[in-house]
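Be aware that the sequence shown starts at 0, since it is given in numbering that gives the first Met the number 0, and climbs by one per residue. Okay, structure first, notes after.
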Amino acid sequence: MTRKNLGRATLAALPFVLALIVGLVVHLTVQDRLPDRLAVHFDAGGSADRYMGITAYLLYGLGTLLVLGSLWAVFAVNGKLYGRGRSWLIGGGFALAAFLGYLLITVLLVNVDAPEGGPADGFPLWHVAVAVGAGAVAWPIGALLSRLAPAPEGPDDGDGGGAIRERIALADGEVAGWARGIGAWWAPLAVLALLAAAVAVGRDLSWFAGAPLAVLALVIGTFCRPHVTVDRRGLTVSGLLPKPRLRVPLERMAGADSRRVNALAEYGGWGYRVRPDRSGVITRSGEAIVVSLTSGREFAVTVDDSATGAALLNTLLDRQRAGR
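Set out below in structure tokens:
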């Protein structure tokens, strides 16, 4: 690992390591005053309704912080985030670590000198509000500290208009089209997870509360297998159903290129992404059709054989400009 990557990973994991250390110090300070079984879950009234052994609780809580810290470090190194994306990653890590760390430590403290049946005073719900406040305070601190870490080089912005864009030779009057499916392996998993969450929320709370999750699962399900089409109408991205769909007409295009994109660095994640200077349907990092719009923005869609799709778009643009 290079020195720059080590710096990024260290800063990303730092809040989780700090929360882990504070948690261990608190445990060592009060361990002689804790019951054998800790109250670890509380109902809406703050009364204990679930218990766990001290060792199991430490493994669960500290293990969670270790796993999250490792994930944040991996994202910081491999995600190649820059600008606002880097600030959001580090700030979000500080906020999450502060939120979880406060709750994990508070559970230990409310169990101090508690009888086996659980804390006499229960778990006052204002602790949750304080945890949220701790996260809100930690977020800007992390965002500010993110400026200290070495910034990765910005993503390749493509050839723009300076390079010669590829074309496909078509005879006068010849009609051509191009279509490809996009394999989004994570979309079916996301649908299943959302449906499971909808059922769980519906059973435990109310079906009204679980309905939005079910609707979201349905929307994502329609885009489990996005389809990209290039023809005289422009670039179209559609799902299993005719609508919703995204279409960029030729009239809005300045040109098209095929290049590799980084989902995290350039678009901040996966799915339909909107950024200040670009938008797109991003299912993975890799090759994509990147359309330069007349507005100065970019629209991208990750798809295999993107060079053919981009070349056909440029040919169709030439035809339109020539009035053919």
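Cβ coordinates follow ideal geometry from the N, Cα and C atoms, glycine included.
DSSP state of residue 15 mapped onto helix, strand, coil: In the sequence shown, residue 15 corresponds to position 16, counting from 1. It is helical.
In DSSP terms, what residue 41 is bridged to: By 1-based counting over the sequence shown, the position of residue 41 is 42. Beta-bridge pairing links residue 41 to 47.
Same chain only: Cβ atoms within 7 Å of residue 304, ignoring 5 sequence neighbours per side: As a first step, residue 304 is located in the sequence shown; it is residue number 305 there, counting from the start. Cβ neighbours of residue 304 beyond the five flanking positions: 179.
Beta-carbon proximity list for residue 321, same chain, < 6 Å, skipping 5 on both sides: Translated into positions along the sequence shown, residue 321 becomes position 322. Excluding positions up to five away in sequence, the list is empty.
Endpoints, beta strand (DSSP E) assigned at residue 293: On the sequence shown, position 294 is the one that residue 293 refers to. Taken as a continuous stretch (DSSP letters only), residue 293 belongs to no beta strand (DSSP E), as it is neither H nor E.
Burial state of residue 66, where buried means 16 or more other Cβ atoms lie within 10 Å: Translated into the one-based positions of the sequence shown, residue 66 becomes position 67. Exposed: under 16 other Cβ atoms inside 10 Å.
Exposure of residue 257, with buried meaning 16 or more beta-carbon neighbours within 10 Å: Here residue 257 is taken as the residue at index 258 of the sequence shown, counted from 1. Buried: at least 16 other Cβ atoms inside 10 Å.
Neighbourhood of residue 10 by C-beta, 8 Å cutoff - its chain only, sequence neighbours within 5 removed: Against the sequence shown, residue 10 aligns to sequence position 11. Excluding positions up to five away in sequence, the list reads 75, 89, 144, 145, 147, 148.
Residue closest to residue 68, alpha-carbon to alpha-carbon, out of 130, 213, 95, 36: The residue you call residue 68 lines up with position 69 of the sequence shown. Taking only the C-alpha atoms, the option nearest residue 68 is 95.
Supposed contact pair residue 101 and residue 130 - C-beta distance, whole angstroms, cut 8 Å: In the sequence shown, the residue the question calls residue 130 occupies position 131. In the sequence shown, the residue the question calls residue 101 occupies position 102. Indeed, because the Cβ distance is near 4 Å, the residues count as touching under 8 Å.
Residue-chain proximity (residue 305, chain C), Cβ-Cβ < 7 Å: Reference to chain C is not applicable here, since this structure consists of a single protein chain.
Same chain, Cβ closer than 7 Å to residue 319, neighbours up to 5 away in sequence not counted: Walking along the sequence shown from the start, residue 319 turns up at place 320. Closer than 7 Å at Cβ, skipping near neighbours: 249.
Rounded separation between residue 4 and residue 85 - CA only: What you label residue 4 is simply residue 5 of the sequence shown in a count that begins at 1. What you label residue 85 is simply residue 86 of the sequence shown in a count that begins at 1. Roughly 13 Å separates the two Cα atoms.
Segment contact, 8 Å Cβ cut-off, at least three pairs: the region 163-173 with the region 303-317: yes
Residue 134 beta carbon less than 7 Å from that of residue 97: As a position in the sequence shown, residue 97 is number 98, starting the count at 1. As a position in the sequence shown, residue 134 is number 135, starting the count at 1. The answer is yes: Cβ separation under 7 Å.
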